[in-house]
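A.B. asks: Going by the working numbering, the sequence shown opens with residue 1, and the numbers climb by one from there.
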Amino acid sequence: MRVAEKSIKVICLVFIFSFSLFAFQTNNLSRITGDWEIELEAEGEYFYLDMTVEESEGKLSGIISESSGFFNDIELEDIEFDEENFSFTFEAPTPQDGMERTVGGEFKMGEEGLEGFINVPDLGISASAVATKK
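#1: What residue range is occupied by the uninterrupted beta strand (DSSP E) comprising Lys108?
#2: Where do the ends of the beta strand (DSSP E) carrying Gly34 lie?
#3: Taking the alpha-carbon of Asn85 as reference, which of Phe107, Lys134 and Thr132 has the nearest alpha-carbon?
#4: Determine the closest residue to Lys133 out of Phe70, Gly110 and Glu83, with distance taken between C-alpha atoms.
#5: Kindly indicate the opening and closing residues of the beta strand (DSSP E) around Gly116.
#6: Taking the alpha carbon of Asp35 as the point to measure from, which residue in Ile63, Gly104, Pro95 and Thr94 has its own alpha carbon closest?
#7: Taking C-alpha atoms, which residue in Leu40, Gly44 and Lys59 lies nearest to Thr33?
#8: Please determine, among Gly104, Ala131 and Arg31, the residue with the shortest C-alpha to C-alpha distance to Asn119.
#9: With a cut-off of 8 angstroms on the beta carbons, I'd call Ser67 and Leu49 a contact; round off their distance for me.
#10: Find out if the Cβ-Cβ distance for the pair Phe90, Glu77 is shorter than 8 angstroms.
#11: What three-state label does DSSP hand Ser30 in the structure shown?
#12: Alpha carbon to alpha carbon, what distance is there between Ser61 and Glu75?
#13: If contacts are defined as beta-carbon pairs under 8 angstroms, then Pro93 and Phe117 qualify, I think. What distance do you get, rounded to the angstrom?
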């Protein structure tokens, strides 16, 4: 086999392998990307959040809003997703006093959507939450 033929075959194999890795990674992230509705229950009260998660160049970003307008389009930070677990934090005003605090989300991916908790460590609150994709 000539050197040129070997080089072309090696280049083709590298391209196919690289494309396969990219397709696999993109497909994995597609499970979490999109618009989500989150319902959380904290001490007998229900709250509703709208979250959008996007992917760009293999990295996740997102925003979150409280449905009644208490806060809007706050950037998600520290986003992590490993096919099963999804977590993030954001800074937002919190009930009762409206003071800005760190809020965290910890979810597990299920067949029907996400199930987990929204936490406000400064207040000692951990509210169960369910997220469904719109």
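Glycine is no exception: its CB is placed at the ideal position from the N, C-alpha and C atoms. Quick caveat, the model's predicted, so the values are computed rather than measured.
C.D. replies: This is what the structure gives:
#1: Glu100 to Met109
#2: Gly34 to Ala42
#3: Phe107
#4: Gly110
#5: Leu114 to Val120
#6: Ile63
#7: Lys59
#8: Gly104
#9: 7 angstroms
#10: yes
#11: helix
#12: 8 angstroms
#13: The pair is not a contact, with the Cβ atoms about 19 angstroms apart (cut-off 8 angstroms).
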